[in-house]
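Number of protein chains: 2
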Amino acid sequence: MSEEIERSLKLFKALSHPTRLKILAMCLDKELSSKEIRRSLNISKPLLISHIKKLVDAELLECRVEFDREKSIVRKYYKTKENLTIDLTDLLRKIKTKQI
Amino acid sequence: MSEEIERSLKLFKALSHPTRLKILAMCLDKELSSKEIRRSLNISKPLLISHIKKLVDAELLECRVEFDREKSIVRKYYKTKENLTIDLTDLLRKIKTKQI
DNA sequence: TATTTGGGTAAAATTTTATTTACCCATTAT
DNA sequence: ATAATGGGTAAATAAAATTTTACCCAAATA
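Protein chains in written order, with our numbering: chain G, 25 to 124; chain U, 25 to 124.
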């Protein structure tokens with residue numbers, strides 16, 4: 025299967041879970057730490073990390089890493105990418121004409 | 025969970041399978057019977073029927089039913105809906121502002 | 001010092017999806 | 001008459017995704 029189909033499938037799968045849609049909605053306008061996200065969602069740490077991984081992997085969520093020199097720890101902030109539109113007909117036409 | 029979120033999830037789940045993307049691509053320009061679809065995909069009948077159900081349920085694929093009076097049988101033809109675009113940012117903003 | 005908190009991993013358990021198998025019926029072809 | 005074809009359902013099985021559990025570490029706090 026082509027790269028582009030795999031990318032599209034990853035995108036659609038990432039969007040196929042209510043919690044992940046909520047995470048994207050939360051991080052629309054300002055970046056949030058996983059702690060802040062978790063407070064709103066009330067889910068376990070491993071579960072949140074797993075959801076976040078899928079969103080970042082699908083290029084829906086951006087991760088900014090900050091290094092706190094004082095405390096020698098890394099802090100991660102998440103923000104939803106902007107202008108997310110999917111032209112489905114275009115994707116399907118590419119699949120049909122074997123462009124991808 | 026709201027109706028609209030459930031509808032969106034159904035849409036994304038329907039799009040999360042390579043075979044279903046192929047079916048949509050095939051039925052872009054002309055309607056096809058399940059027989060014609062199956063010939064191209066080489067999958068079992070029950071499996072195709074299951075995929076088609078999900079696509080129709082997600083309102084991605086339209087089904088036209090024809091009744092052949094001579095032979096007393098129904099024939100079904102499938103065609104992908106047109107102008108399928110998903111405004112993800114808009115959906116997420118609705119979720120955020122609890123409009124849905 | 002013992003415990004809580006933030007952030008994380010690995011693996012087991014659970015749930016959901018996908019796929020196959022075994023059927024059904026009616027029509028057409030051998 | 002028998003086999004093949006189109007179209008379908010129900011249930012069992014296989015595979016994939018989700019969620020929990022049990023851990024790890026370092027820093028802050030009671």
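Ideal placement from N, C-alpha and C gives every residue a C-beta, glycine not left out.
Minimum Cβ-Cβ distance from residue i to chain G less than 9 Å
{"i": "U:Ile-110", "result": "yes"}
{"i": "U:Ser-32", "result": "yes"}
{"i": "U:Arg-117", "result": "yes"}
{"i": "U:Leu-45", "result": "yes"}
Which of helix, strand or coil DSSP assigns to residue i
{"i": "G:Thr-142", "result": "Outside the shown range of chain G (25 to 124) lies residue 142 of chain G, about which nothing can therefore be said."}
{"i": "G:Lys-54", "result": "coil"}
{"i": "U:Arg-31", "result": "helix"}
{"i": "G:Arg-117", "result": "helix"}
{"i": "G:Glu-94", "result": "coil"}
{"i": "U:Glu-86", "result": "strand"}
{"i": "G:Ile-110", "result": "strand"}
{"i": "U:Lys-122", "result": "coil"}
{"i": "G:Lys-105", "result": "coil"}
Whole-number beta carbon distance between residue j and residue i, since they are thought to touch under 8 Å
{"i": "U:Ile-29", "j": "G:Pro-42", "result": "6 Å"}
{"i": "U:Ile-76", "j": "U:Tyr-102", "result": "7 Å"}
{"i": "U:Leu-108", "j": "U:Leu-79", "result": "Not confirmed; about 11 Å, so no contact."}
{"i": "G:Lys-46", "j": "U:Ser-40", "result": "So it is not a contact: roughly 18 Å between Cβ atoms."}
{"i": "U:Ala-82", "j": "U:Leu-35", "result": "5 Å"}
{"i": "G:Lys-69", "j": "G:Arg-62", "result": "7 Å"}
Cβ-based burial, residue i [other Cβ within 10 Å; buried from 16]
{"i": "G:Leu-71", "result": "exposed"}
{"i": "U:Arg-97", "result": "The sequence shown places Ile at residue 97 of chain U, not Arg. Classification for U:Ile-97: exposed."}
{"i": "U:Ile-73", "result": "exposed"}
{"i": "G:Thr-104", "result": "buried"}
{"i": "G:Phe-91", "result": "exposed"}
{"i": "U:Arg-44", "result": "buried"}
{"i": "G:Ser-32", "result": "buried"}
Proximity test, Cβ basis, 9 Å: residue i and chain U
{"i": "G:Glu-27", "result": "no"}
{"i": "G:Lys-100", "result": "no"}
{"i": "G:Leu-52", "result": "yes"}
{"i": "G:His-75", "result": "no"}
{"i": "G:Asn-107", "result": "yes"}
{"i": "G:Pro-42", "result": "yes"}
{"i": "G:Lys-78", "result": "no"}
{"i": "G:Arg-62", "result": "no"}
{"i": "G:Ala-49", "result": "yes"}
{"i": "G:Lys-103", "result": "no"}
{"i": "G:Lys-95", "result": "no"}
### Query
If we count Cβ pairs, one from each stretch, closer than 8 Å, do we get three or more for the segment 103–120 of chain G versus the segment 49–65 of chain U?
Here the segment 103–120 of chain G lies against the segment 49–65 of chain U, with 3 or more beta-carbon pairs under 8 Å apart.
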